[in-house]
Structure formats: C-alpha cells, structure tokens
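For reference, the structure is listed below as structure tokens.
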Ligand code: SF4
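In the working numbering, the protein residues as written are 44 to 353.
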C-alpha cells in the first residue's frame with residue numbers, strides 16, 4: 044500500500060474523483076495515450092494470440108489509430124475544451140513498460156513536459172516490470188503523481204490459463220511487492236464474469252488484493268469484442284456474459300462489500316470505445332447509470348465498500 048494513500052471519504056464506495064479532490068483540491072482528468080507499444084503476449088515473447096478477450100482498438104484512444112500521433116498532440120486533443128484543468132497522462136494501449144529504459148524515459152518525459160500534466164498512469168503486465176523501471180518511476184514520484192496499473196483479472200491460475208494471460212497470480216504478487224515503498228500508487232485490473240468463475244471465486248480475487256495491499260482497482264465486466272478468441276467461444280456457446288447490467292451490479296456490489304475501504308475505485312465496468320466492436324453484452328445503461336445503480340444497490344442492502352472487509 045502506498046504510504047501516501049489518503050483516507051476514504053464517506054459514501055457508498057471510494058471514488059477516484061473523491062481521491063483526486065482530497066489530494067489535489069480539484070478534479071484531475073486522465074488523458075489516454077497510445078505510445079505505440081507492443082505486448083509480449085502478442086509478439087511471441089510470452090505468446091502470439093494475446094488474451095482471449097483483447098482487441099486493442101476496443102479500448103485504445105482514437106480507436107487504436109493514434110500511435111502515429113505524437114504524445115504532445117494526443118495530450119492536446121485530450122484536454123477539456125474551454126477549461127483550465129490538470130491531467131494525468133494515461134499510457135493505456137498495450138503494455139506500457141515494454142521497451143528499453145531509455146525509450147520509456149523519452150516517452151514519459153514528453154508527457155510530463157506539459158505544465159498541466161501532474162502525473163502518469165501506466166498500464167502494464169505484472170511480468171513487464173523491473174527494478175530499473177520502478178527506479179525511474181520512483182524518481183518521477185518525487186515530483187509527480189504516479190500510478191502503475193497491473194492487469195491481474197483473476198487470482199485463479201486455471202482461469203488465467205483459460206484466458207491466455209501468459210502469467211500467473213504469483214507474478215502479480217511479485218510485481219506489487221517490488222512496487223511497494225516507492226511512493227508509486229498501484230492499481231489492479233480485475234474482470235468479473237470470466238469463463239468458469241463463480242461469485243465465490245471472484246471474492247477470492249478481492250481477498251487476495253486486500254492482502255497484497257494495493258491503492259486502486261479497476262473493475263471490468265467480461266465483454267465479447269470482435270476479432271477475439273472469446274468471440275469464437277461465445278458464438279459456439281462455450282462462454283456466457285452478464286446479459287443484464289443488474290446481474291453484474293449484484294456481483295460487483297458483493298466485491299465492493301468485501302474490498303478494503305481504502306482502495307480507490309477507478310472504474311466500475313468496462314467501456315468499449317465503439318458499439319460496433321462489441322458483440323455482447325449490449326446494456327442500455329451507460330457508465331453514469333451503472334454508477335448510480337451500484338450506489339442504489341448498496342443503499343438497498345444497507346452496506347458500502349468494505350462492509351464485509353476482513
Ligand atoms: S490484454 Fe494486455 S496483456 Fe493481454 S494481449 Fe491485450 S495488450 Fe497484451
């Protein structure tokens with residue numbers, strides 16, 4: 044756990060917006076960046092086919108067409124119109140620590156050179172981090188606000204195998220331990236509804252994260268995106284998704300109740316960049332409605348984030 048973590052605001056769950064308000068005294072926004080990285084689970088280092096649900100254009104900025112645009116230009120395009128604000132540069136697409144150290148420094152420096160960028164959020168795989176990279180990020184953390192986002196998805200190694208992650212949960216635990224005590228905030232990505240997983244198994248993932256000590260979490264619901272192995276399995280009836288948002292919200296609330304109240308919620312559900320890329324599920328509810336329905340469900344239960352935290 045980051046030794047600079049701030050304590051929870053009252054509410055149904057600990058929102059990222061509340062965290063930024065506490066820390067900066069104002070809202071801070073993320074600008075997604077595609078810096079042209081690759082992924083070891085696609086270039087043959089770990090695997091060739093990638094995770095079975097992954098099709099980068101479905102979550103990359105500008106539909107995955109922005110790698111040719113400079114980082115400064117991507118930041119310019121991501122700024123709020125007609126509004127003075129501060130931002131984190133969010134290195135989002137593919138594996139954003141998967142390059143030689145000098146290259147990483149050049150890219151991160153470019154993002155931090157803008158005066159309204161107050162920090163970085165760097166999405167990566169737990170098997171793509173090293174002491175050297177963390178030393179670099181630790182140096183930035185003396186002046187800037189730094190998050191590293193590690194994909195875990197599930198604590199269960201047989202699930203990780205099924206979805207072809209190419210790493211196990213021990214790899215995630217190692218990455219988190221290596222990141223601790225460097226003033227770097229740690230966020231974990233978790234997918235609810237993975238093939239073969241029961242609600243009890245998802246709670247075990249939450250317990251694992253509670254024990255490890257992380258600062259933030261991004262929840263995703265399983266989405267079936269075109270051009271993925273998951274799409275093939277879905278078409279063959281081998282996997283199911285939460286067809287209704289209400290089914291997902293029930294499981295999500297179980298997880299929130301079990302989650303440490305000090306862990307900041309970065310996201311409650313997945314967001315595909317385009318409906319055309321999404322095969323299932325098609326919920327009418329947008330992110331704002333998912334957030335308010337989640338709050339309503341917790342209110343109905345008389346619980347909140349951390350209510351059953353052990
Ligand atoms: S989800 Fe991330 S780790 Fe998996 S294949 Fe896609 S970019 Fe690589």
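Using N, Cα and C, we set each Cβ at its ideal position, and we do this for glycine too.
Range of the contiguous beta strand (DSSP E) that encloses residue i
{"i": "residue 192", "result": "188–196"}
{"i": "residue 347", "result": "That residue, residue 347, is in no beta strand (DSSP E); it is neither H nor E in DSSP."}
{"i": "residue 73", "result": "71–76"}
{"i": "residue 283", "result": "First-last for residue 283: undefined, no H or E at that position."}
{"i": "residue 132", "result": "129–134"}
{"i": "residue 260", "result": "259–264"}
{"i": "residue 309", "result": "307–310"}
{"i": "residue 323", "result": "321–323"}
Continuous alpha helix (DSSP H) stretch holding residue i: start and end
{"i": "residue 296", "result": "288–301"}
{"i": "residue 229", "result": "No alpha helix (DSSP H) holds residue 229; the beta strand (DSSP E) holding it covers 228–235."}
{"i": "residue 217", "result": "212–222"}
{"i": "residue 62", "result": "59–67"}
{"i": "residue 204", "result": "200–205"}
{"i": "residue 251", "result": "242–255"}
{"i": "residue 121", "result": "114–121"}
Nearest-angstrom Cβ-Cβ length linking residue i and residue j, presumed shorter than 8 Å
{"i": "residue 341", "j": "residue 296", "result": "6 Å"}
{"i": "residue 302", "j": "residue 269", "result": "The Cβ separation is near 32 Å, so there is no contact."}
{"i": "residue 61", "j": "residue 54", "result": "7 Å"}
{"i": "residue 136", "j": "residue 86", "result": "Not confirmed; about 14 Å, so no contact."}
{"i": "residue 184", "j": "residue 217", "result": "Contact doesn't hold; Cβ gap of about 20 Å is too wide."}
{"i": "residue 187", "j": "residue 163", "result": "7 Å"}
Beta-carbon proximity check, residue i vs residue j, cutoff 8 Å
{"i": "residue 333", "j": "residue 259", "result": "no"}
{"i": "residue 219", "j": "residue 229", "result": "yes"}
{"i": "residue 355", "j": "residue 277", "result": "For residue 355 there is no data in the structure shown, the boundaries of the chain being 44 and 353."}
{"i": "residue 192", "j": "residue 223", "result": "no"}
{"i": "residue 13", "j": "residue 165", "result": "Shown here, the chain extends from 44 to 353; a query on residue 13 therefore has no answer."}
{"i": "residue 288", "j": "residue 328", "result": "yes"}
{"i": "residue 132", "j": "residue 118", "result": "yes"}
{"i": "residue 304", "j": "residue 352", "result": "yes"}
{"i": "residue 141", "j": "residue 63", "result": "no"}
{"i": "residue 290", "j": "residue 346", "result": "no"}
{"i": "residue 308", "j": "residue 144", "result": "no"}
{"i": "residue 198", "j": "residue 248", "result": "yes"}
{"i": "residue 189", "j": "residue 153", "result": "no"}
{"i": "residue 272", "j": "residue 92", "result": "yes"}
{"i": "residue 242", "j": "residue 210", "result": "no"}
{"i": "residue 283", "j": "residue 322", "result": "no"}
{"i": "residue 221", "j": "residue 257", "result": "no"}
{"i": "residue 279", "j": "residue 56", "result": "no"}
*asked:* Count Cβ pairs between the region 261–270 and the region 310–325 that sit closer than 8 Å; are there 3 or more?
replied: yes
*Which runs of the alpha helix (DSSP H), 4 residues or longer, sit entirely within the region 141–183?*
144–155
*Does the count of Cβ pairs from the region 230–240 and the region 194–214 closer than 8 Å reach three?*
yes
_For the structure I just gave you, are there three or more beta carbon pairs, one from the region 175–190 and one from the region 87–104, closer than 8 Å?_
no
*Contact between the region 62–78 and the region 117–125 (3+ Cβ pairs under 8 Å)*: yes
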